Amino acid sequence: MSLGAHLVELRKRLMLAALALLVGMVVAFIIADPVIHLITEPIRIIADKRGDEFSALNFGTITAAFDMRMRIAFSIGLFLSAPVWLWQIWAFIMPGLTRKEIRYTIGFVVAAVPLFFAGCYLGIMIMPHVIELMWSFTPEGGTNFYQAKEYYDFIFKLMIVIGISFVLPVFLVALNLAGIMSGRAILKGWRVAIVIATVFAALATPAADVVSMLMLAGILIVLFFAAAGLSLIFDRRKHKRDAASGILPDPV
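Next up, the structure:
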């Protein structure tokens, strides 16, 4: 294909992806109320515990409520339309890939997508504990006015950060398959990985929420060792193939 034909193809793919996102946003906008009810559950728990009816989600401007719904619609619409826009990206780059690269890319997506959503789900599970813990530092007689924009941004960023952290072990396996890092090299860094996972968990969760921190750090450490183990298996298979083809001498 010529450069012009590639640009026409790219425009078509982008338009289909944008259309899918728009449809997803419309659906998400309709179901925004249950989502808002879910993410504001910690606020209602806090209000019941303190008996403070003033602890609530606060919309400080005329358009704040609509703005929050649009943010929710975009975020959920992006997830709902993911199969379509991921396929459009894949369909655009696939003709330029070798059969081996296609196989690796499919494996990467199949592993990364569920892990990302699992991380987002864990973020939703941790979120109420984080908010309640932060509320516990409010002095007696104080009232919590949660600004809608900042409240939603906190929850969204928490989900995204934890979701991405769950995908990082897949990148380690991808580096191994690309021949950049061996399984032994990945495994040798286990001490550094534990420190990084612990520090990340401490930054992603409140300092006083030890349970959430340990749970997140533990899952990340398990995923790291799973990636290292899988890389060692791939290295062993590659070594056997090379030995069988005569590239490497047979082990004594």
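If you read the sequence shown in the numbering used here, its first letter stands for residue 9, the second for the next number, and so on. Glycine included, each C-beta is placed from N, C-alpha and C at the ideal position. Please read all numbers here as calculations on a predicted model, not as lab measurements.
Practice problem: Identify the continuous alpha helix (DSSP H) that holds residue 153 and give its terminal residues. | Solution: Counted from its first residue, the sequence shown places residue 153 at position 145. No alpha helix (DSSP H) contains residue 153, which is instead part of the beta strand (DSSP E) from 153 to 155.
Quiz item: Are residue 167 and residue 128 touching if we call contact CB-CB under 8 Å?
Solution: As a working mapping, residue 167 is identified with position 159 in the sequence shown. As a working mapping, residue 128 is identified with position 120 in the sequence shown. Closer than 8 Å, so yes.
Exercise. Ignore the nearest five residues each way along the sequence and tell me which others in residue 89's own chain have a CB closer than 6 Å to its CB.
Key: Locating residue 89 in the sequence shown gives position 81, counting from the first residue. Within the same chain, residue 89 has close Cβ partners 28, 29, 32.
Quiz prompt | Best match in 71, 73, 54 for proximity to residue 64 [C-alpha to C-alpha] | solution = Here residue 64 is taken as the residue at index 56 of the sequence shown, counted from 1. Checked all of 71, 73, 54; the closest Cα to residue 64 is 54.
Quiz item: Roughly how many whole angstroms lie between the Cα atoms of residue 243 and residue 203?
Solution: Position 235 of the sequence shown holds residue 243. Position 195 of the sequence shown holds residue 203. Cα to Cα, residue 243 sits roughly 26 Å from residue 203.
Quiz item: By a C-beta neighbour count over all protein chains shown, 10 Å radius and 16 as the cutoff for buried, is residue 198 buried or exposed?
Solution: For the purposes of this step, residue 198 is identified with residue 190 of the sequence shown, where counting begins at 1. That one is exposed.
Quiz item: For the 8 Å Cβ check, are there 3 or more pairs between the region 138 to 145 and the region 167 to 176?
Solution: Put simply, the region 138 to 145 does not touch the region 167 to 176. Fewer than three CB pairs are less than 8 Å apart.
Practice problem: May I ask you to report which of helix, strand or coil DSSP gives residue 186? | Solution: Within the sequence shown, numbered from 1, the residue matching residue 186 stands at position 178. DSSP places residue 186 in coil when its eight states are reduced to three.
Self-check item: Complete runs of the alpha helix (DSSP H) confined to the region 36 to 69 [at least 4 residues]
Solution: List check, alpha helix (DSSP H) in window: 40 to 47, 49 to 58.
Quiz prompt | Buried versus exposed call for residue 220 [16 or more other C-beta atoms within 10 Å across all chains shown] | solution = Translated into the one-based positions of the sequence shown, residue 220 becomes position 212. Looking at its Cβ environment, which holds 16 or more other Cβ atoms inside 10 Å, residue 220 is buried.
Quiz item: Taking only runs of the beta strand (DSSP E) that begin and end inside the region 68 to 107, which ones reach a length of at least 3 residues, in chain order?
Solution: Those beta strand (DSSP E) runs which fall completely within the region 68 to 107 and span 3+ residues do not exist here.
Quiz item: Should residue 213 go down as buried or exposed, given a rule of 16 or more other Cβ atoms within 10 Å for buried?
Solution: Here the question's residue 213 lines up with position 205 in the sequence shown. The Cβ neighbour count for residue 213, taken over all protein chains shown within 10 Å, is at least 16; the residue is labelled buried.
Practice problem: Below 8 Å on the Cβ atoms is my guess for residue 234 versus residue 177; work out the distance and round it to an integer in Å. | Solution: Here residue 234 corresponds to residue number 226 of the sequence shown, with the count starting at 1. Here residue 177 corresponds to residue number 169 of the sequence shown, with the count starting at 1. Their Cβ separation, rounded to whole angstroms, is 6 Å, which keeps residue 234 and residue 177 in contact under 8 Å.
Exercise. Count the C-beta pairs between the region 17 to 26 and the region 84 to 101 that are closer than 8 Å, then say yes if the count reaches three, no if not.
Key: Yes, the region 17 to 26 is in contact with the region 84 to 101.
Practice problem: Confirm, please, whether the CB-CB distance from residue 154 to residue 76 is below 8 Å. | Solution: As a first step, residue 76 must be located in the sequence shown, where it is residue number 68. As a first step, residue 154 must be located in the sequence shown, where it is residue number 146. Between residue 76 and residue 154, the CB-CB gap reaches or exceeds 8 Å.
Quiz item: If you count every other CB in all the chains shown that lies within 10 Å of the CB of residue 191, and 16 or more means buried, which is it?
Solution: In the sequence shown, residue 191 corresponds to position 183, counting from 1. Residue 191 is buried by the Cβ-count criterion.
Quiz item: Count the other CB atoms within 10 Å of the CB of residue 124; is the residue buried (16 or more) or exposed (fewer)?
Solution: For this step, residue 124 is matched to residue 116 along the sequence shown. When all chains shown are included, residue 124 counts as buried.
Practice problem: Pick helix, strand or coil for residue 122, following the three-state DSSP scheme. | Solution: Counted from its first residue, the sequence shown places residue 122 at position 114. In the structure shown, residue 122 sits in a helix (DSSP, three-state: H, G or I).
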